[in-house]
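Numbering (this note's numbering), first residue to last: 4 to 220. Backbone N, C-alpha and C define an ideal beta-carbon position, used for all residues, glycine too.
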Amino acid sequence: MTVSAAAPLSVVVVGSGNVGTALATNLRALGHQVRIARRSAGDDDSIGIDGASVDADVTILAVPFGVVADVVARLGLAPGAVVVDATNPFGQPLPEGAASGVSVVVQAAGHGVHVVKAFNVLGAEHMAAPTLPDGHRPLLPVAADDATARRLVADLATAMGFDAVEIDGLADAGLLEEAARYWGLLAFRGGRGRDMVLVAHQRPPATDGPSSAAGER
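Below you can see the structure in the form of structure tokens.
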């Protein structure tokens with residue numbers, strides 16, 4: 004894998020809903036070559052999903068979780084391809100033996116495809132132009148087993164306006180799906196609405212004063 008987020012990338016966004024459209028808008032504004040793939044190509048500039056990712060540098064899955072396995076199997080992903088799972092299995096039962104939604108993507112993608120979990124912990128409202136009025140950026144975890152693929156997507160997300168945080172490995176990627184549930188809990192049952200995002204405020208380390216005793220908060 005020799006591609007870099009600093010160079011124009013060939014990106015296939017699978018799904019033409021709110022998430023897919025917003026991500027495509029952001030990526031096109033950065034100068035990347037973006038194609039939107041749909042199960043049924045329309046009269047617009049979208050393409051069908053069969054073989055859509057054969058020559059793509061990055062593929063982003065922005066489809067309902069219930070169809071993700073079928074979609075991935077039809078994309079033509081080759082060993083070494085980078086596919087970003089932006090889906091969440093909300094209201095969908097996981098197949099027997101699947102520990103998380105992303106494990107379904109890994110199985111469908113096949114050997115050698117680099118799966119990255121990202122773009123799943125916030126609403127589409129913040130994906131086209133993520134930066135907040137106060138200059139803060141929405142927190143965006145990026146998890147993958149392959150370090151190069153993870154860094155590529157993290158760098159891409161940073162350029163898009165997110166506060167990307169790399170998570171080593173997909174073993175805990177199910178926690179990112181739980182983070183999306185947490186966002187939904189606050190947004191809908193907590194009354195904050197879809198405009199709410201998660202932001203990491205970092206307290207600077209103390210430079211003076213007494214040190215905290217062990218166990219003291």
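- The criterion of a C-beta distance shorter than 7 angstroms is satisfied by Phe68 and Gly104.
- Judged by DSSP in its simplified three-state form, His129 adopts helix.
- In the displayed model, Arg153 falls within a helix according to three-state DSSP.
- Within the same chain, and ignoring the five residues on either side of Val66 in sequence, the residues whose Cβ sits closer than 7 angstroms to its Cβ are Val17, Gly18, Val74, Thr90.
- According to DSSP, residue pairing for Val119 in a beta bridge involves Val87, Ala147.
- When C-alpha distances from Gly164 are compared across Arg77, Val15, Gly113, Val202, the shortest belongs to Val202.
- By a beta-carbon distance limit of 8 angstroms, Leu26 contacts Ile63. Their separation comes to about 6 angstroms.
- With 16 or more other CB atoms across the displayed protein chains lying within 10 angstroms of its CB, Asp88 is buried.
- Following the DSSP letters along the chain, one finds Ala40 inside the beta strand (DSSP E) bounded by residues 36 to 41.
- Here Ser106 carries a helix assignment [DSSP, helix/strand/coil].
- Using a Cβ distance threshold of 7 angstroms, Pro144 and Val168 count as a contacting pair.
- As the crow flies, the alpha-carbon of Ala146 is around 9 angstroms from that of Val156.
- In the structure shown, Asp166 falls within a strand segment according to DSSP collapsed to helix, strand and coil.
- For Ser13, DSSP records a beta bridge to Gln36.
- Contact between Arg38 and Ile52 fails: their C-beta atoms lie close to 11 angstroms from each other, not under 8 angstroms.
- In the DSSP assignment, Thr62 forms a beta bridge with Val15, Val86.
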